[in-house]
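The structure under discussion appears below in the form of structure tokens.
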Amino acid sequence: MPRKRRRGRIPTPAWERQHGTIGRTLLGRTPQFYATVGIILLVVAALGVVAYAVASDRIAEANRPNETALKVGDKEYTLEYYTDRLKDLVQQLGGVQQVQAQTAIAGMTQQLLQEAIVLRFAADEGQSATDDDVNGEIATRLGITKDDANFQTRFQEELARSGLKEDKYRDMASAAVLRKKLLDKFTSEVPASAESVHYRQILVGSQTEADAVRTQIEGGADFAALAQEKSTDTATKSKGGDTGWVPRGVLAKAVEDQLFGQEVNKITTYPVQSGVYVYQVLEKAADRAVEDTQKSTLAQRKLQDWMTEKQKSVTVEDTLSSDTDQLSYVRDHVGFVQ
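To convert, take the position in the sequence shown, counting from 1, and add 13; that gives my numbering.
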């Protein structure tokens, strides 16, 4: 019986005979070797993560000025523009030493919000701002006339000083023109006479104090004397709390509802954020002439109410107020102490 031929061994390549197989090489390593390799890989990965984070932060910081700080409808205000406008506002208020950062930022946001509303909706009231109107507003800000031979030179100097681009500056001036036109329109619509009330007031710090003052007055104490002694309302304190005649539409609606619905000579109290008022209505008139100074107040109130109503129809995105990186950028570039 023929013998089976034995299968020959496959020869090992020369390079394996010299260096050994990968498997044998790895199997020959100690646990310490693998631990070292693992640590090195972890360190390399960690360094990669740190490098990526640093690079991302630098990119974000470089792009920060172009981020949207405030958006009103389809109108966007970049962080850079917001900051440049805030610098001017703070300067007008006397510098960073004279104003708190939080107050200034809130004021700037409100101002830009109102400008956007006016620019978008003034046409609803038949108001527009021509190039001539805008040039006149810019000239007024520069302290010259719009026909001044140096208008363009002075304007370019102002753009360089403020950091604003020309189209943005003209938008700002246009909003100012439209606001004035709206105010003139609402002033012309104020009636010559209106329901009015004559009252006096004492402002104290708490309800307990207000109740004590009320008890004193109802017990026969002189209202005017108590106002001069106790009231913290500087506008009426020296006049014994007397406000004079006030037409409907000047005061907040809740206050008006109380005063116009209050019996003559009756003493009531009314809490506000700054304390508690003690009121006494002295006279009422169903139709009394409105003074010129009161017409201005009524028009301002109507303009404010108009803007508030229009704002309800647009989406407002205030990114700045809740973004700590944007807030830090603003504080740093305006010069507020952190």
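Cβ atoms here follow ideal geometry from the backbone N, Cα and C, with glycine treated the same way.
These numbers come from a predicted model, not from an experiment.
Per DSSP, the unbroken alpha helix (DSSP H) holding K266 starts and ends at 266-273. For A173, the secondary structure class from DSSP, reduced to helix, strand or coil, is helix.
CA-to-CA, the gap between M320 and N79 works out to about 28 Å.
Nearest C-alpha to F164 among Q127, N148, K178, R174: N148.
For K159, the secondary structure class from DSSP, reduced to helix, strand or coil, is coil. Cβ atoms of V291 and Q214 come within 8 Å of each other, at about 7 Å. Inter-residue distance for T281 and E208 is about 21 Å (C-alpha atoms, whole angstroms). The beta carbons of Q140 and K198 sit about 7 Å from each other, so the pair counts as a contact at 8 Å. If only complete runs of 4 or more residues are kept, the stretch 262-349 shows the alpha helix (DSSP H) at 266-273, 305-324, 337-347, in order along the chain. Distance between G176 and Q105, taken at the CA atoms: about 16 Å. Q307 and L92 do not touch by the CB rule: their CB atoms are close to 41 Å apart, not below 8 Å. In this structure, V210 lies away from V303, with their beta-carbon atoms at least 9 Å apart. Proximity to Q313 across A162, K193, G86 peaks at K193, based on C-alpha coordinates.
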